[in-house]
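Residue numbers (this note's numbering): -8 to 685. Even glycine gets a Cβ: it sits at the ideal position worked out from N, Cα and C. The next block holds one structure in the form of structure tokens; read it before the comments.
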Amino acid sequence: MKDLDLSKGGANHQKPKGDDDVMTTAQGAPVADDQNWLKAGPRGPSLLEDHIAREKIFHFDHERIPERVVHARGYGVHGTFELTDPIPELTCASALAGEKGKKTPVFVRFSTVAGNKGSPDLARDVRGFAVKFYTDEGNWDLVGNNIPVFFIQDAIKFPDLIHAAKPAPDRGFPQAQTAHDNFWDFISLSPEAMHMVMWIMSDRAIPRSFRFMEGFGVHTFRFVNAEGKATFVKFHWKPKQGMQSVIWNEALKINGADPDFHRRDMWAAIDAGDYPQWELGVQVFDEEFAENFEFDVLDATKIIPEEQVPVRIIGTMTLDANVENFFAETEQVAFCTQNIVPGIDFTEDPLLQGRNFSYLDTQLKRLGGPNFTHIPINSPKCPVRHFQQDGHMAMQNPKGRANYEPNSWGEGTGEDRGPRGCPMRGFTSASVAVEGAKIRERSETFADHYSQARQFYISQTPVEQTHMANALTFELSKVGRMDIRKRVIGHLRNIDEGLAGKVCEAIGLPEMPEAIKPAREPITDLPESPALSILKNSPNSFKGRKLGIYIAEGADAKVVSALKEAATATGAMVEIVAPHVAGAKLSDGTMLEANEKIDGAPSVVYDAVAVVMSEQSARRYDADKPSIDFVNDAFAHAKFVAYVPEVKPLFESAGVWKWMDDGFVDVSDGSAARTFIEKCGNLRFWGREAVKQD
Ligand code: HDD
């Protein structure tokens, strides 16, 4: 630091270390000073002549590209897909039909849908789960979500859906929220959205982390094998880390404490070598099943319950590298549902058909021309040969004279004639007979909008059902128009009278609105599907989760180290929180540095917390608002809490001392730390929520 000379606008304080270190213009010409604009005298006007300044400002002026019209906020990571159970009998797609252990590089972008690029991560929203497989037969994009169904059945409604969900056009708010009139107006007039509404009002829409959520291809696709035989398929990503979500009140607070919570979590896990993994599963079924199934397999508002068609696991995806440049990779990656490879084909799902137009089209606007496949993140990693040429930013124009076909170059001329289509290896559409008069009509088989919505609701645990009722209440309480609130409850009555009643009461309607007349009578006896609940599929492990230990002066050193040891041994991360970022002096006189100051690390950013300090410190901080909130929120959000008895003054002023239940563990005897971490494997002490609700 001592040689830093900040005079002359800081321009000359650092010298290049060698030739490689010399700054140049974008044209490669060495630059002497890029901190002072060329002027007519030190106090004179700036000269337009300064080509270095102009180039710098010109480039800066053009740094932004249009953000994605949906899914603007996202985070991308690299990884590998490993095939564990090849399925050549079903598909000739090389990534899925190759030898066991075959590896295919992938790039995955997770996102929220409604918010802009700078919106907070914990919005109540669907999460995008888009995977680009760089297969040796071309790029295959599986552009899915963390929810297996969608709001609408026909792509032509997508602009309406998104207009309604985004900020109202006159006032430009609310940002990244569905809790407003426009959204619920549209939804309540689109009964097909009801199944999806159940999912977004569930905890699935507030995941704890991208690492702890499932992914779905949503649509029914086709597999095609080497003999040309086609089968239907739905794709599933199952997180090896297990599923986990946060509580709504927690989400609201996380958005304030750390709006980057999800991207930071992913970055930190990969940076620490704790690589998240998902299993790729397929639900495969034939025409006969499709014909007998209660719903239309082409309808993206329906699932096929896993209990009806089991998910067969065929591979594992490991995400193990963060991006090196966010813009070049995460921002410029261009997913297109039309990117499929031989062995995979579309179905006639009207949502998928429309998507196949929209994605390619939008990349032209976003990335500025047809050559976005020349950008490294979008380039296939297999050979690319075609006669496409020129256009903005062309970087891989074919060489030689032949830029058309048919041509006779190469016939003894020694020149490259360019590529030719290959019926044996090339993509061929599944041979499916289609006929029909041109018509703008929705199939009758798409008309049941409530049965699976009900199935989803009854498959949840009581805790999850309560969260759904609370979410609906929150959202409808933000809707100004009474008729819209009533219409939503009118739909809920077709799903579950109990749920409709709870929401009706919670928003203070004096009487239940009339049920909406369904287009088709719902099937009321669909069985529960346990696979749809997060809590019924809890991982029972604290691995990959985060413990926050709040320490202050005099904290018992043995207890702190026992907690750290027990947490790390189970594969969890630990952060030390203290009143000062410098840390605190422990009972043995050592100084323990903190990762965070208490004001910046409320308990909402941890999966479980511990509070370890001397009685004197507990008295010192018993009127400190961030300290009180730390304890109080951990209690309110049903977290497991480790403590030592000396913290009583703080816990008393946080109002939790007399309510301490089995979710609290006294760890003053160091060996209890392990018991505490084992308990944390349950992720939450849900019993506490149940008591509060009674
Ligand atoms: Fe979409 C982006 C997922 C319906 C039009 N969509 C986008 C992304 C995901 C999805 C994950 C972000 C990709 C990325 O990270 O770059 N979209 C879905 C799913 C849908 C769906 C699972 C229903 C099953 N989408 C859908 C429809 C349309 C679009 C019906 C239009 C008719 N989606 C787009 C888009 C976006 C997009 C406008 C914006 C940015 C982009 O494509 O690259 O074209």
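Cβ of residue i within 7 angstroms of Cβ of residue j?
i, j, result
"residue 642", "residue 676", "no"
"residue 99", "residue 122", "yes"
"residue 543", "residue 570", "yes"
"residue 83", "residue 217", "yes"
"residue 188", "residue 292", "no"
"residue 146", "residue 174", "no"
"residue 438", "residue 510", "yes"
"residue 444", "residue 486", "yes"
"residue 296", "residue 520", "yes"
"residue 705", "residue 137", "Any answer about residue 705 is impossible in this case: the structure gives the chain only from -8 up to 685."
Rounded to the nearest angstrom, what separates residue i and residue j at their Cα positions?
i, j, result
"residue 577", "residue 546", "5 angstroms"
"residue 517", "residue 442", "7 angstroms"
"residue 622", "residue 593", "9 angstroms"
"residue 169", "residue 263", "35 angstroms"
"residue 323", "residue 479", "39 angstroms"
"residue 446", "residue 192", "14 angstroms"
"residue 696", "residue 558", "The chain is shown only over -8 to 685; residue 696 falls outside these bounds and no answer can be derived."
"residue 74", "residue 456", "37 angstroms"
"residue 8", "residue 15", "14 angstroms"
"residue 340", "residue 355", "24 angstroms"
"residue 197", "residue 426", "43 angstroms"
"residue 541", "residue 625", "12 angstroms"
"residue 684", "residue 555", "Confidence in residue 684 is poor, its pLDDT being 47 and thus under 50, which makes the residue's placement unreliable; the coordinate value appears in the next sentence. Approximately 34 angstroms between the Cα atoms of the pair."
"residue 71", "residue 180", "43 angstroms"
"residue 215", "residue 433", "27 angstroms"
"residue 463", "residue 376", "53 angstroms"
"residue 500", "residue 513", "25 angstroms"
"residue 347", "residue 329", "5 angstroms"
"residue 56", "residue 386", "20 angstroms"
"residue 689", "residue 266", "Limits of the chain in this structure are -8 at one end and 685 at the other, which puts residue 689 out of reach."
Examine the ligand HDD and report whether any of its heavy atoms sits within less than 6 angstroms of the Cβ of residue i.
i, result
"residue 62", "yes"
"residue 125", "no"
"residue 119", "yes"
"residue 184", "no"
"residue 181", "no"
"residue 51", "no"
"residue 291", "yes"
"residue 349", "yes"
"residue 110", "no"
"residue 146", "yes"
"residue 188", "no"
"residue 731", "Since the first and last residues shown for the chain are -8 and 685, residue 731 lies out of range."
"residue 623", "no"
"residue 134", "yes"
"residue 22", "no"
"residue 82", "no"
"residue 417", "no"
"residue 286", "no"
"residue 346", "yes"
"residue 353", "yes"
Indicate whether at least one CB of chain B lies closer than 7 angstroms to the CB of residue i.
i, result
"residue 460", "Within the model displayed, chain B is absent; a lone protein chain is all it includes."
Take residue i and list the residues in its own chain whose beta-carbon comes closer than 6 angstroms to its own, dropping the five residues that flank it on each side.
i, result
"residue 126", "85, 86, 95, 332"
"residue 599", "538, 630, 631, 671"
"residue 373", "127"
"residue 633", "601, 656, 658, 667"
"residue 368", "320, 323, 324"
"residue 327", "132, 350, 351"
"residue 176", "475"
"residue 110", "64, 166, 167"
Could you pull out every residue in the same chain whose Cβ sits closer than 7 angstroms to the Cβ of residue i, ignoring the five residues on either side in sequence?
i, result
"residue 31", "38"
"residue 422", "219"
"residue 233", "203, 529, 530, 532"
"residue 321", "65, 66, 67, 100, 314"
"residue 612", "543, 570, 618, 641"
"residue 208", "133, 135, 225, 226"
"residue 742", "Nothing in the structure corresponds to residue 742, since the chain is present only between -8 and 685."
Could you pull out every residue in the same chain whose Cβ sits closer than 8 angstroms to the Cβ of residue i, ignoring the five residues on either side in sequence?
i, result
"residue 591", "248"
"residue 253", "66, 101, 112, 113, 198, 200, 201"
"residue 454", "526, 677, 680, 681"
"residue 255", "249"
"residue 524", "450, 451, 452, 455"
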